[in-house]
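Following: one structure in structure tokens, then a few remarks.
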Amino acid sequence: MGETIIVRQKSNYDTEILGPDPNDPESQELHRVTNIYDLTPYGMLLASLGSCTAVLLNSYAQHHGLDLRKVELMLSYDRNFKKDCQNCEEIDQYEEEINEQISFTGNLTTTEREKLFLISHHCPIHKMLKTGIKVNTHPAKDSEKKKKL
Numbered sequence: 000m001g002e003t004i005i006v007r008q009k010s011n012y013d014t015e016i017l018g019p020d021p022n023d024p025e026s027q028e029l030h031r032v033t034n035i036y037d038l039t040p041y042g043m044l045l046a047s048l049g050s051c052t053a054v055l056l057n058s059y060a061q062h063h064g065l066d067l068r069k070v071e072l073m074l075s076y077d078r079n080f081k082k083d084c085q086n087c088e089e090i091d092q093y094e095e096e097i098n099e100q101i102s103f104t105g106n107l108t109t110t111e112r113e114k115l116f117l118i119s120h121h122c123p124i125h126k127m128l129k130t131g132i133k134v135n136t137h138p139a140k141d142s143e144k145k146k147k148l
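For the sequence shown, numbering that gives the first Met the number 0 assigns the number 0 to the initial residue and increments by one for each residue that follows.
Structure, rendered in structure tokens:
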């Protein structure tokens, strides 16, 4: 089980997301994502991480006057099983992993590229995934439902 997403963002924040064909999940070819429902939950997570990182990098580059014209992130999700098994579903039977490759287009020095790479780790989604986040889910109370209507 694995999935790959590519996020491309220009310095004007024009963003393109490429993902697997929703009509042919076995295809290795990536297509432009035009609707959010074309992504799996894993694809949505990868697209969120990639988009957050791209915005952060472009914002940093603009603020510091760096010539970053485009950033491209290739993100992949995979589930690695600790043992060979057919139907492993227990959380301790596998580890989940996201790999992220970042490339920069622009007239950048080696030092600027290294700094941008370090800045990429400051994306809030990156931090949440790296350190974990507690999620509290509960049914809404009737009084809370009425307030929102």
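Note that CB positions come from ideal geometry on N, CA and C, so glycine has one too.
Since the model is a prediction, treat every value here as computed from it, not as a measurement.
Among residues of its own chain, excluding the 5 on either side of residue i, which ones have a beta-carbon nearer than 6 Å to its beta-carbon?
i	result
E94	N79
Just to check my reading of the structure: residue i and residue j have Cβ atoms closer than 8 Å, yes? What is that Cβ distance to the nearest angstrom?
i	j	result
N106	D66	4 Å
G49	L29	Contact flag wrong, Cβ pair sits at about 13 Å.
I124	S10	That belief does not hold up - the Cβ atoms of I124 and S10 are roughly 21 Å apart, past 8 Å.
E96	L74	So it is not a contact: roughly 11 Å between Cβ atoms.
L45	E2	7 Å
Please go through the same chain and pick out, in chain order, the residues whose beta-carbon is closer than 7 Å to the beta-carbon of residue i, but skip the five residues on each side of it.
i	result
I118	L55, L56, Y59
K126	none
Here's the rule: buried if 16 or more other CB atoms are within 10 angstroms of the residue's CB, otherwise exposed. What is residue i?
i	result
G42	buried
S102	exposed
Y76	buried
Check each candidate in the options and name the one with the smallest Cα separation from residue i.
i	options	result
R31	Q8, L17, L44	L17
T130	H62, H121, G64	H121
So, for residue i: in the same chain, excluding its five sequence neighbours on each side, which residues have a beta-carbon less than 8 Å away from its beta-carbon?
i	result
D37	G18, P21
Which whole runs of the alpha helix (DSSP H) in the region 19 to 84 are 4 residues long or more, in chain order? 40 to 62
Complete runs of the beta strand (DSSP E) confined to the region 93 to 139 [at least 3 residues]: 93 to 105
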